[in-house]
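Protein chains in written order, with the working numbering: chain A, 308 to 923; chain B, 23 to 138.
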C-alpha cells in the first residue's frame, strides 16, 4: 500500500467528497463566529479550516488535481489568520492563544510530513512571536528559541534551520539577551553559523554584540571570535565581515590598551596590515585605533611616559646628572662639562648638545629624540637603542654606531670618524643624513625603506645598494656617486640642499653659459655654475673682467658678457662670507665696479651709502 | 660762522645689518599703512628651493609689519630680537624700529628680488 501523507491510495478514489464537505463545514463554522467578539474561537476555527484545507490539498496533489496549489495557499492563509488573531488578543490571553495555535500547526505539520509549507508556516509563526517577546520577555523568548531549535532538529528541514538561524541571530544582536547568559549566547552563535547560507549580516551583527559583551570579560575568547570573523571575511571576501572585524578589533584595543599595551600595539599592527581590505574605511579605522594607542593617559598607564612630565634643564656647571630621572625633556645643552649621565634615565627628549659625554649608560630610555650633536668626546652609544630621532651631528670621535639601533630619523652630519654603519641598523621610513661622513665607503644593504637620503660630501660612497629604496629625495652633492643608481631613477635629486636635476648633478658638461644665466633661481644658478666651473664659464661665455677686488667673503669679480642681439650682461661674482658659496648676480650694464654692483644689489645707487656694520 | 654751527653734530652712520640676501636698517618710524598689517609668522624671507628662511628666533620679541614693495618693518621690544637663518650667523637687533628688505638683481625686463 502506497502512502502519501495521511491519504492512502484507496482513499483517493472515494475520499474527495468527504474532504471537500469537511472544508465546507469548517467554512460555515467560521462564518458563524465573529472575529471581533470571539477572537480566540475564531482563531481556533481558522486552524480547523486550515487543517481541512491542507488535508484536501494533499488529496488533490496525490490525485493530480490542478487545484492542489490553490487549496494549499488557502490553507496557509487560514493558519496565518489564526496566528494574527491570537496576536491581537488582550495580553492576559495572548501568549496562551498563540502557543495553542502554534502547537496546532506543529501537530498538523507532524501529521503531514510531505508538506513543507506547514513546517515553514510554523517556524515563521514562532519566529514572529519571538521577535515580539524579545522586546518584552527575554526569558520567554529564550524558551521559544529552544522550541524552534527542537522543532528544526526534529523536522530536519533546511528552511526551518535557516529560520532558526535568523531568529537566533536576532536574539543574539540584543545586548540584554546576550548579557543574560553569555555561555549560551556563544554556543548559539557557533550553531547559527553552520546553516548560514548566504545570509551573513544577521550573524555578523550578533557576533559584534557578543564580542562587545565578551571583550571586557574574556579577551582570549573575544580574540577567538575575532579570528572566526576574520576567517569568514577571508573565505567569503565579505566587506561587511571585514568591517565588523575592524570594529571588534578597535573595541579590543580600547579594552586592553590600559592593561596590556603591547597587546594593543599588536592589534593595531594587525589592523594596519589589513587596512587595504577595509576599503575607504581602512584609513579612518586605523587612525582611530592609532589615536587610542597614542592617548597620553594610556601611555602613562603602560609606563611609557614618566610620571613626572616636567622638563628639566641641567645647570651649566653640572658635571653629572642624578640617577633615575623620569622627565619629559632633559636638557643638558648648557652643561658643557657634563661627562656622566645617571642610570635609569627615562624621558621623551634628551638633549646633550655640546657636552663632554663619552658614553651613554646602557639603560637610558629616550622615546622621541636624542640629540648628542657636537659631543666631540662621544665614542659609544648604547646597544639596542630604540628612539624616534637620533641627532648626532659633528660627533667627530664617534667611530661606530651600536648594534640593534632602531630609529626613524638619523642625522650623522659631520661624523668624520664614522667608518661604517652596522648591518642591523633599522631606519623606519624616515631620513638618513650622512652629510660630510667622509670615511664612510658603503651603505649596509638592509637599511630602509627611506624617505630621504643625504649623501652630500660622502666622497667615498660610490653606490647605493639596490636593496635600499628611497621615496622622497636623495642629496648627492659632492658624494662619490657619478650617476643616478638605476633603481632610484626618477627620484628627486638635491645638491647640498638645492633641488636640481640629474643633468646638473651628473652631466654638468652638457650645460652652457647662456642656460646658466637664464636660470631665474639664484641658488640653482649657483649650483649650475659650481658644477660647470667658473673658469670654464668665463671661457665659454667669453667673459670680460671689468673690475675685481675682495670683500669679507673673498674675491669679487665684475664680468661683462656680450650677448648677440641683446644688451650686454654684466654680473658680479661674490663669495658668501657664511657659506663660502660663490653667487653670481646680474646688475645693470652701466655698473663699472664690484663695489658699485654690490651696493646696487642692496638697493643703494651710491656705493658710499652701502656700509654694512654687521654681515653674516 | 653762522650761529650754532659748533652745536651741530655730524649725523651718525645709519646702522646696516646684512644676513645673506636680507638687509636691515634702523628707521625713525614705521609707515601707518604698514602698521595696519602686523604679521604673526615672524618670517622675513623664505627660500623657495632650500626651504631655509630668515626669521625671528622668538616671534614675541618683535612685531613684524608688511610694507610696500616686499619690504618689512620690525618693531623690536625692550629685550631685543634675534634674526636667525640655517646657514648664516644670527643677528641681534636692539630695541627700536627697523626696515627689512631683500637683495635685488637686474634683468632687462625687470629689477627683481633675488630668489633662492
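The beta carbon of each residue, even a glycine, is placed where N, CA and C say it ideally should be.
It should be emphasised that the depicted structure is a prediction, and the values quoted were computed from it without experimental measurement.
DSSP places residue 696 of chain A inside the beta strand (DSSP E), whose first and last residues are 696-698.
Residue 138 of chain B belongs to the set of residues whose beta carbon lies under 8 Å from a beta carbon in chain A.
By the CB criterion at 8 Å, residue 902 of chain A and residue 914 of chain A fall inside the cutoff. For residue 740 of chain A, no alpha helix (DSSP H) run applies; the uninterrupted beta strand (DSSP E) run containing it begins and ends at 733-740, by DSSP.
Annotation: residue 580 of chain A to residue 538 of chain A spans about 15 Å, alpha carbon to alpha carbon. Residue 781 of chain A sits close to residue 798 of chain A, with the two beta carbons spaced by under 8 Å.
Taking 8 Å as the cut-off, the beta carbon of residue 86 of chain B is found closer than this to the beta carbon of residue 78 of chain B. Within the model, the alpha-carbon separation for residue 417 of chain A versus residue 353 of chain A is close to 18 Å. Within its own chain, the residues whose Cβ lies closer than 8 Å to the Cβ of residue 681 of chain A, once the five positions on either side in sequence are excluded, are 660, 661, 700, 701, 702, listed in chain order. Residue 767 of chain A sits close to residue 787 of chain A, with the two beta carbons spaced by under 8 Å.
A buried status is given to residue 714 of chain A, since no fewer than 16 other beta-carbon atoms sit within 10 Å of its beta-carbon. The CB of residue 885 of chain A comes closer than 8 Å to the CB of 42, 109, 110, 111 in chain B, given here in chain order. At least 8 Å separates the beta-carbon of residue 636 of chain A from that of residue 650 of chain A. When the Cα atoms are used, residue 871 of chain A and residue 846 of chain A turn out to be separated by approximately 16 Å.
The C-beta of residue 38 of chain B comes closer than 8 Å to at least one C-beta of chain A.
Cβ contact annotation for residue 839 of chain A (same chain, cutoff 7 Å, sequence separation greater than five): 815, 818, 823, in chain order. Scanning its chain for C-beta atoms nearer than 6 Å, with the 5 sequence neighbours on each side dropped, one finds around residue 333 of chain A the residues 355, 356, 359, in chain order. An exposed status is given to residue 852 of chain A, since fewer than 16 other beta-carbon atoms sit within 10 Å of its beta-carbon. In this structure, A/754 is the residue among A/737, A/754, A/648, A/369 with its C-alpha nearest to the C-alpha of residue 727 of chain A.
Contact between the segment 41-55 of chain B and the segment 114-129 of chain B is established, with three or more Cβ pairs separated by less than 8 Å. Residue burial annotation: residue 630 of chain A is exposed, with fewer than 16 other C-beta atoms found within 10 angstroms of its C-beta. When C-beta distances to chain A are compared with 7 Å, the residues of the segment 43-60 of chain B below that value are 45, in chain order.
Of all residues in the segment 574-595 of chain A, none has a C-beta nearer than 9 Å to a C-beta of chain B. The three-state reading of DSSP puts residue 67 of chain B in strand, counting E and B together. In the DSSP assignment, residue 922 of chain A is bridged to B/40. As DSSP reads the structure, residue 802 of chain A sits in a beta bridge with A/805. Nearest neighbour of residue 99 of chain B by Cα position, chosen from B/82, B/124, B/127, turns out to be B/82.
Measuring C-alpha to C-alpha distances from residue 440 of chain A to each of A/907, A/425, A/483, A/707 identifies A/483 as the nearest. Here the C-alpha atom of residue 495 of chain A lies approximately 19 Å from the C-alpha atom of residue 526 of chain A. Under a criterion of Cβ atoms nearer than 8 Å, the residues of chain A adjacent to residue 127 of chain B are, in order, 829, 892, 893, 894, 908. Apart from sequence neighbours up to five positions away, the residues of its chain that approach residue 572 of chain A with a beta-carbon distance below 8 Å are 600, ordered along the chain. Looking at the DSSP output, residue 716 of chain A shares a beta bridge with A/696, A/738.
Ranked by how close their Cα comes to the Cα of residue 711 of chain A, the residues A/719, A/696, A/690 have A/690 in first place.
CA-CA distance, residue 432 of chain A to residue 346 of chain A, rounds to 18 Å. Residue 490 of chain A and residue 516 of chain A have their alpha carbons spaced roughly 13 Å apart. In the DSSP assignment, residue 703 of chain A falls outside any beta strand (DSSP E), carrying neither H nor E.
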